[in-house]
Amino acid sequence: MTQKIHFLGTGGGRINMIQQLRATAGIYIELMGAKIYLDPGPGALIKARAQKIPLNKLDAILVSHCHIDHSNDAGALIEAMTDGMREKRGILVGSVSALEGPDKPVSTYHQNALSKRIVLKPDEQFSIGKLRITTTPTKHTDKTGIGFIFHAENTISYLSDTNYTKKIAKNHIGSDIIILNCLYLKWDDTKANGYSQKHMDVEDAKKFIKDINPELAIIQHFGMGIIRHGPWKVAEDIQNSTGIKTVAARDNQIIKIGAKTNSLKAWTKR
Ligand SMILES: [Zn+2]
């Protein structure tokens, strides 16, 4: 059975999103037979078609929070998943803000096209076939945002958009692979004009990785600072200072997940 994480878009943030230097199409995951589309931002439908993702066979779409770079194409993917709204099938999972809030990005029309919709808060769980998924808290401008932990042969954490807190890191201890939305190169409060930090920066990513201590850390969802600096340099810096294997995902990159015993070999072979 294929186990893989397919990065369709590794960009995030407003300026990168409108420029599309890195795509904002989200992540396609196959684990324990479940086909899942995670956080379909702008361009998800187009990138999924280009990368031959089997949209009509998707089991679930997961939306971690309501922001446009995570949710914009959810409606279009639901149409693809339901054969143009003709077949009621599939599961939509999302935060309160994504599925119920006043500015919910997924319309009621589209939500009704699925066989099931699940609205989740942190620390809840659900299953897609044999795959159990738990939700985790985030610290972000969307107060109802959630992260996901996929309990497959390997445990895979997607922290979603969040600043570092020790408490959030604690939720992910025990995960073999963690996916970090590392948007800022360096957040500087003195240059923030009173704005508070909304996203993880490289120092936050290091703290998460040190606390969680996974076998592999994957950084993605890059903003302009990291894209200009070079995401691979950032990954190298993080790996050097944490001692934990860290890679910067590229658009269209597929990371195949091996069985637990030979997983590290499989990752390093790429
Ligand atoms: Zn966000």
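Residue 1547 in our numbering sits at position 195 of the sequence shown, with consecutive numbering throughout.
Note that the Cβ used here is the ideal one computed from N, Cα and C, for glycine as well.
Since the model is a prediction, treat every value here as computed from it, not as a measurement.
Checklist line | Close-in-space but distant-in-sequence residues of the same chain around isoleucine 1525 (CB under 8 Å, 5 per side omitted) | finding: Around isoleucine 1525: Asp1563, Ile1564 and Asn1565.
Notebook entry, point to check: Taking the alpha helix (DSSP H) that proline 1451 falls in, what are its first and last residues?
Noted result: Inspection of the sequence shows that residue 1451 is occupied by leucine rather than by proline. 1448 to 1451 is the extent of the alpha helix (DSSP H) around leucine 1451.
Check: Rounded to the nearest angstrom, how far is the Cβ of glycine 1364 from that of phenylalanine 1574, given a contact under 8 Å?
Finding: In this structure, glycine 1364 and phenylalanine 1574 form a Cβ contact; the two beta carbons are roughly 6 Å apart against a cut-off of 8 Å.
Note to self: Once the 5 residues before and after alanine 1557 are set aside, which same chain residues still bring their CB inside 7 Å of it?
What the structure shows: Closer than 7 Å at the Cβ level, and outside the excluded window around alanine 1557, lie Leu1532, Cys1534, Ile1571 and Ile1590.
Notebook entry, point to check: How many whole angstroms separate the CB atoms of leucine 1483 and leucine 1383, which I take to be in contact at a CB cut-off of 8 Å?
Noted result: Confirmed, Cβ separation roughly 5 Å.
Notebook entry, point to check: Curious, which full-length alpha helix (DSSP H) runs of at least 4 residues does the segment 1461 to 1549 contain?
Noted result: Every unbroken stretch of the alpha helix (DSSP H) spanning 4 or more residues and falling wholly within the segment 1461 to 1549 is given here in chain order: 1518 to 1523.
Next item on the list: Please work out which residues of its chain come closer than 7 Å, Cβ to Cβ, to leucine 1407, disregarding the five sequence neighbours upstream and downstream, and give them in chain order.
Entry: For leucine 1407, where only same-chain residues beyond five positions count, the Cβ hits under 7 Å are Ala1400, Leu1429, Ala1432 and Met1433.
Notebook entry, point to check: CB of histidine 1503 to nearest heavy atom of ligand 1: below 6 Å?
Noted result: No.
Notebook entry, point to check: Between valine 1448 and threonine 1514, what straight-line distance do the alpha-carbon atoms span, to the nearest angstrom?
Noted result: Taking the CA atoms as reference points, valine 1448 sits about 16 Å from threonine 1514.
Notebook entry, point to check: Would you say the beta carbon of aspartate 1425 comes nearer than 6 Å to a heavy atom of ligand 1?
Noted result: Flag unset: Cβ of aspartate 1425 not near ligand 1.
Note to self: At the level of alpha carbons, what is the spacing between isoleucine 1579 and leucine 1410?
What the structure shows: Whole-angstrom Cα-Cα distance: 31 Å.
Margin query: ligand 1 and histidine 1573: does the residue's C-beta get closer than 6 Å to at least one heavy atom of that ligand?
Written below: Not a single heavy atom of ligand 1 lies less than 6 Å from the C-beta of histidine 1573.
Item checked: histidine 1581 CB to nearest heavy atom of ligand 1 below 6 Å -> It does not: the Cβ of histidine 1581 is nowhere closer than 6 Å to a heavy atom of ligand 1.
Margin query: I need the DSSP call for leucine 1414, collapsed to helix, strand or coil.
Written below: The DSSP-derived three-state label of leucine 1414 is strand.
Check: By Cβ distance, which residues of its chain are closer than 7 Å to leucine 1390, with the 5 residues on each side in sequence left out?
Finding: Scanning its chain for C-beta atoms nearer than 7 Å, with the 5 sequence neighbours on each side dropped, one finds around leucine 1390 the residues Gly1378, Ile1379, Ile1381, Leu1414 and Tyr1510, in chain order.
Notebook entry, point to check: Got a sec? Which residues, its chain only, sit under 6 Å from lysine 1597 by beta carbon, not counting five neighbours each side?
Noted result: If we look at lysine 1597 and ignore the five residues flanking it on each side, its Cβ neighbours are Leu1568.
Next item on the list: Spatial neighbours of proline 1394 within its chain, please: CB distance less than 6 Å, with the 5 preceding and 5 following residues excluded, ordered by chain position.
Entry: Excluding five sequence positions before and after proline 1394, the CB atoms of its chain that fall closer than 6 Å to its own CB belong to Thr1376 and Asn1424, given in chain order.
Notebook entry, point to check: Taking all protein chains shown into account, do 16 or more other C-beta atoms lie within 10 angstroms of the C-beta of lysine 1387, making it buried, or fewer, making it exposed?
Noted result: Buried: at least 16 other Cβ atoms inside 10 Å.
Next item on the list: Report yes if the C-beta of aspartate 1513 is less than 6 Å from at least one heavy atom of ligand 1; otherwise report no.
Entry: True, at least one ligand heavy atom lies under 6 Å from that Cβ.
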